[in-house]
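Colleague: After the structure tokens below, expect a handful of questions from me.
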Amino acid sequence: MVILPHPDDLINMKKVLLLFLLILSFTFVFVSCSGNIDSSDDESTVIQTDTNSETKDDYSDPELDDSSSPSESGHETTAPAPFPKTDSDVAYEVSPSIEGIVGEMGDGYIGGSKTNGDSSGQEVTIEPGQLTSSVLYDHDKYDSFLKLLSSGQTEEENGAFYEYQKLHNLTLNRITLHLNSPNLKVSLLDDDGNALWTSVSDKNGTCYLFTKELSDTYSVKVSNDYIDGIVFTVSDGHNISTGFTRQSKNKLQLMFVIDTTGSMMDELSYLKSEISDVISKVSNNGQIDVSLSLLFYRDAGDEYVTLFEDFTDDIQKMQSFISKQSAAGGGDFEEAIQEAMKVALDASWDDTDVTKILIHVADAPSHSKDVASWFESVKSFSEKGIRIVTVASSGIDRLTEFLYRAECIQTNGYYGFLTNHSGIGGDHLDPTIDEELPVEYLNDMLVRIINGIFSGEMAEPSPIQTSQIQEVQNQGDTEPVPSID
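Numbering of the sequence shown is given in our numbering, commencing with residue 3 and proceeding in unit increments.
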């Protein structure tokens with residue numbers, strides 16, 4: 003005889019079983035989540051994907067823990083190969099005309115969510131030759147640049163250059179002189195014989211001085227580290243024959259000054275790869291004796307304000323120093339550029355017969371109160387013959403563009419900037435010019451500019467093939483770049 007349970011007992015047994023299964027499910031979910039949290043702490047990533055941050059410097063740093071290598075984490079992904087380089091169907095940076103930009107003040111911070119790298123968040127092996135760039139030498143188009151100073155610059159018109167003039171009241175009235183020798187120090191003198199501005203003639207004997215007031219004639223003194231000087235009365239565009247010449251030493255002092263605040267995170271890993279490649283190519287040129295210095299900077303209140311290694315010929319040591327750097331801190335738009343430039347100025351720069359280049363990689367200006375200090379250092383760079391080349395990164399605004407261009411102009415340097423063609427990082431601001439510029443890979447552009455400054459013979463750029471850029475960009479969220487015939 004089989005005794006069946008009472009119906010009420012069956013209901014109670016079902017409730018107990020259901021409760022047991024519910025508890026078991028919650029326990030499984032809890033254990034799984036805990037495992038994911040623990041494992042994520044052990045991964046060292048190079049590219050942070052999908053940060054979704056709209057505050058410029060509010061980023062956490064995915065590179066702070068570099069204790070594990072790609073092979074240890076087991077999540078190594080090879081980045082896309084760089085675009086093929088051909089001579090046809092090249093890309094150009096199409097920039098807004100001056101007429102279209104004067105009367106407007108900047109775009110503010112451009113960006114928002116900055117995503118790049120592998121969408122799974124896995125570690126990415128980054129090869130050089132991916133970031134795209136253009137470069138502008140304002141001294142070749144100086145009349146166009148001066149137009150920005152004279153159009154719409156009242157407070158009511160609020161022209162593109164008005165805010166710059168409020169912050170930095172140093173004139174860009176230029177005096178061009180041509181000397182019979184490179185590496186000669188040329189000083190613009192006041193009525194009492196005091197130097198107002200000093201520059202060093204480049205490999206072609208050209209130098210640029212800047213004056214508060216333009217005049218028909220100027221008094222200048224030409225000297226170097228070994229000759230006291232000869233005073234000449236000159237006019238703009240004057241040719242000066244001094245009777246003595248200087249030969250350049252076969253030595254290059256190359257310093258990189260790099261912003262490592264949080265807003266640089268979208269591109270810093272790529273920049274490190276490109277810069278390392280540039281250093282390798284320049285230092286492996288058997289015809290140049292290269293000495294390298296590195297300076298990283300953030301802002302007041304960060305983990306550090308400046309992190310500096312003075313000039314050395316130990317390239318491997320400096321490559322290792324670069325690889326350890328990461329982006330963090332900042333908190334606001336402006337950074338401590340003025341402090342970085344003071345440190346850079348006090349580095350062990352050689353005499354005037356050595357080629358000296360400072361490459362400034364950043365995406366923000368200094369704080370308004372520190373602009374004057376920043377440009378006092380720029381004036382001293384000019385006196386030492388140190389030429390500034392910028393790499394303006396994603397997120398700069400119109401004011402930052404002009405400040406960066408000004409530091410290049412005043413040191414006879416080059417305004418380089420990243421472009422959107424690579425599809426890497428946030429939006430990049432087109433410069434305020436009325437011409438089309440060829441787009442180059444950043445590493446190629448920097449090597450070309452460095453070699454050109456060193457030799458005095460600037461090679462033509464090697465533009466990137468437009469169709470290859472379009473093919474890569476069409477696979478992502480970036481709008482394709484229009485072809486220019």
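Each residue gets a CB set at the ideal place from its N, CA and C atoms; glycine is no exception.
Provide the residue span of the alpha helix (DSSP H) that contains T540, from first to last.
Modeller: Because the chain here runs from 3 to 487, residue 540 falls outside it and cannot be looked at.
Colleague: Which first and last residues belong to the beta strand (DSSP E) in which F377 is found?
Modeller: As a position in the sequence shown, residue 377 is number 375, starting the count at 1. No beta strand (DSSP E) holds F377; the alpha helix (DSSP H) holding it covers V373 to K386.
Colleague: Here's the rule: buried if 16 or more other CB atoms are within 10 angstroms of the residue's CB, otherwise exposed. What is Q409?
Modeller: Residue mapping note: residue 409 aligns to position 407 of the sequence shown, counting from 1. The sequence shown places Glu at residue 409, rather than the Gln named in the question. The residue in question, E409, is buried, as its Cβ has 16 or more Cβ neighbours within 10 Å.
Colleague: Let me know if A394 comes out buried or exposed under the rule of 16 or more other beta-carbons within 10 Å of its beta-carbon.
Modeller: Numbered from 1 along the sequence shown, position 392 holds the residue referred to as residue 394. The residue in question, A394, is buried, as its Cβ has 16 or more Cβ neighbours within 10 Å.
Colleague: Is L133 helix, strand or coil when you go by DSSP?
Modeller: Counted from its first residue, the sequence shown places residue 133 at position 131. Three-state result, L133: coil.
Colleague: Is it buried or exposed for V31, if we count other Cβ within 10 angstroms and need 16 for buried?
Modeller: Here residue 31 refers to the residue found at position 29 when the sequence shown is read from its first residue. Note that V31 has pLDDT 47, beneath the 50 cutoff, so the model's placement of it is unreliable and the number below is only indicative. Counting Cβ neighbours within 10 Å, V31 comes out exposed, since fewer than 16 surround it.
Colleague: Might you give, ordered along the chain, the residues of its own chain that have their beta carbon closer than 6 angstroms to the beta carbon of P130, omitting 5 neighbours on each side?
Modeller: Looking up residue 130 in the sequence shown gives position 128. Cβ within range, chain order: S275, E276, D279 and N445.
Colleague: According to the neighbour-count rule (16 or more other Cβ atoms, all chains shown, within 10 Å of its Cβ), is Q132 buried or exposed?
Modeller: The residue given as residue 132 occupies position 130 in the sequence shown. Per the 10 Å Cβ criterion, buried.
Colleague: Could you tell me whether the stretch 176 to 184 touches the stretch 206 to 218, using the rule of 3 or more Cβ pairs below 8 angstroms?
Modeller: Counting Cβ pairs under 8 angstroms, three or more are found: they touch.
Colleague: Would you kindly work out how many angstroms separate the C-alpha atoms of H180 and Y210, rounded to a whole number?
Modeller: As a first step, residue 180 must be located in the sequence shown, where it is residue number 178. As a first step, residue 210 must be located in the sequence shown, where it is residue number 208. Distance between the alpha carbons of H180 and Y210 is about 9 angstroms.
Colleague: Using a Cβ distance threshold of 8 angstroms, determine whether the stretch 302 to 309 contacts the stretch 226 to 246, with at least three qualifying pairs required.
Modeller: No, the stretch 302 to 309 does not touch the stretch 226 to 246.
Colleague: Is the distance from the Cβ of Q255 to the Cβ of V356 below 8 angstroms?
Modeller: Position 253 of the sequence shown, counting from 1, holds the residue named residue 255. Position 354 of the sequence shown, counting from 1, holds the residue named residue 356. Their beta carbons are under 8 angstroms apart, which means Q255 touches V356 by this criterion.
Colleague: Among H141, D261 and T178, which residue has its Cα nearest to the Cα of S2?
Modeller: Because residue 2 is not part of the residues shown, which for the chain are 3 to 487, the question remains open.
Colleague: Evaluate contact between the stretch 375 to 390 and the stretch 404 to 423, counting only Cβ atoms and requiring at least three cross-stretch pairs below 8 angstroms.
Modeller: Judged by Cβ distances under 8 angstroms, the stretch 375 to 390 makes contact with the stretch 404 to 423, as three or more pairs qualify.
Colleague: Check each candidate in S464, I435, V202 and I452 and name the one with the smallest Cα separation from N287.
Modeller: Here residue 287 refers to the residue found at position 285 of the sequence shown. Ranking S464, I435, V202 and I452 by Cα distance to N287 puts I452 first.
Colleague: Suppose the cutoff is 6 angstroms on Cβ atoms and the five residues either side in sequence are ignored; what does the same chain contact list for S189 look like?
Modeller: As a position in the sequence shown, residue 189 is number 187, starting the count at 1. Counting only Cβ-Cβ distances below 6 angstroms, and skipping sequence neighbours, we find A197, T200 and K223.
Colleague: Can you find the residues in the same chain that come closer than 7 angstroms, C-beta to C-beta, to S221, ignoring five residues on each side of it along the sequence?
Modeller: Translated into the one-based positions of the sequence shown, residue 221 becomes position 219. Contacts found: L191, V233 and T235.
Colleague: Quick one, which of P440, L148, L439 and A461 has its alpha-carbon nearest V449's?
Modeller: Numbered from its first residue, the sequence shown carries residue 449 at position 447. Ranking the options by Cα distance to V449, first place goes to A461.
Colleague: I think E437 touches K143, with their Cβ atoms under 8 angstroms apart; what is that distance to the nearest whole Å?
Modeller: As a first step, residue 437 must be located in the sequence shown, where it is residue number 435. As a first step, residue 143 must be located in the sequence shown, where it is residue number 141. Contact holds; Cβ gap of about 7 angstroms.
Colleague: Going by beta-carbon coordinates alone, are F310 and L297 separated by less than 8 angstroms?
Modeller: Numbered from 1 along the sequence shown, position 308 holds the residue referred to as residue 310. Numbered from 1 along the sequence shown, position 295 holds the residue referred to as residue 297. It is a contact, given that the beta carbons lie within the stated cut-off.
Colleague: In terms of DSSP beta bridges, what is T219 paired with?
Modeller: Stepping through the sequence shown from its first residue, residue 219 is reached at position 217. Paired residue(s): none; T219 is not in a bridge.
Colleague: If you reduce the DSSP assignment to three classes, tell me which class S189 lands in.
Modeller: Indexing the sequence shown from 1 puts residue 189 at position 187. If DSSP states are grouped into helix, strand and coil, S189 belongs with the strands.
Colleague: Pick from L216, S370, T434 and G331: whose alpha carbon is nearest that of D301?
Modeller: If you number the sequence shown from 1, residue 301 lands on position 299. Closest by alpha carbon: G331.
Colleague: For D504, does the count of other Cβ atoms within 10 angstroms reach 16, so buried, or fall short, so exposed?
Modeller: Residue coverage of the chain in this structure runs from 3 to 487, which leaves residue 504 outside it and unanswerable.
Colleague: Could you tell me the boundaries of the alpha helix (DSSP H) in which S271 lies?
Modeller: Residue mapping note: residue 271 aligns to position 269 of the sequence shown, counting from 1. Note, S271: alpha helix (DSSP H), M267 to S285.
Colleague: Would you kindly work out how many angstroms separate the C-alpha atoms of F335 and S370, rounded to a whole number?
Modeller: Counting from 1 along the sequence shown, the entry for residue 335 is found at position 333. Counting from 1 along the sequence shown, the entry for residue 370 is found at position 368. Roughly 11 angstroms between the two C-alpha positions.
Colleague: Below 8 angstroms between beta carbons: does that hold for A338 and M257?
Modeller: Locating residue 338 in the sequence shown gives position 336, where the first residue counts as 1. Locating residue 257 in the sequence shown gives position 255, where the first residue counts as 1. Cβ distance not < 8 angstroms, so A338 and M257 don't count as in contact.
Colleague: I'd like to confirm the pairing. Which residues does DSSP put opposite C317 in its beta bridges?
Modeller: As a working mapping, residue 317 is identified with position 315 in the sequence shown. The amino acid at residue 317 is misidentified as Cys; the sequence shows Ile. I317 is not bridged to any residue.
Colleague: Are the beta-carbon atoms belonging to G418 and D268 less than 8 angstroms from one another?
Modeller: For the purposes of this step, residue 418 is taken as the residue at position 416 of the sequence shown. For the purposes of this step, residue 268 is taken as the residue at position 266 of the sequence shown. No, Cβ-Cβ distance for G418 and D268 is not below 8 angstroms.
Colleague: How is E341 classed by DSSP in three states: helix, strand or coil?
Modeller: Residue numbering aside, residue 341 sits at position 339 when the sequence shown is read from its first letter. In the structure shown, E341 sits in a helix (DSSP, three-state: H, G or I).
Colleague: Answer yes or no: do L439 and H430 have a C-beta to C-beta separation smaller than 8 angstroms?
Modeller: By 1-based counting over the sequence shown, the position of residue 439 is 437. By 1-based counting over the sequence shown, the position of residue 430 is 428. No, these two residues do not count as a Cβ contact at 8 angstroms.
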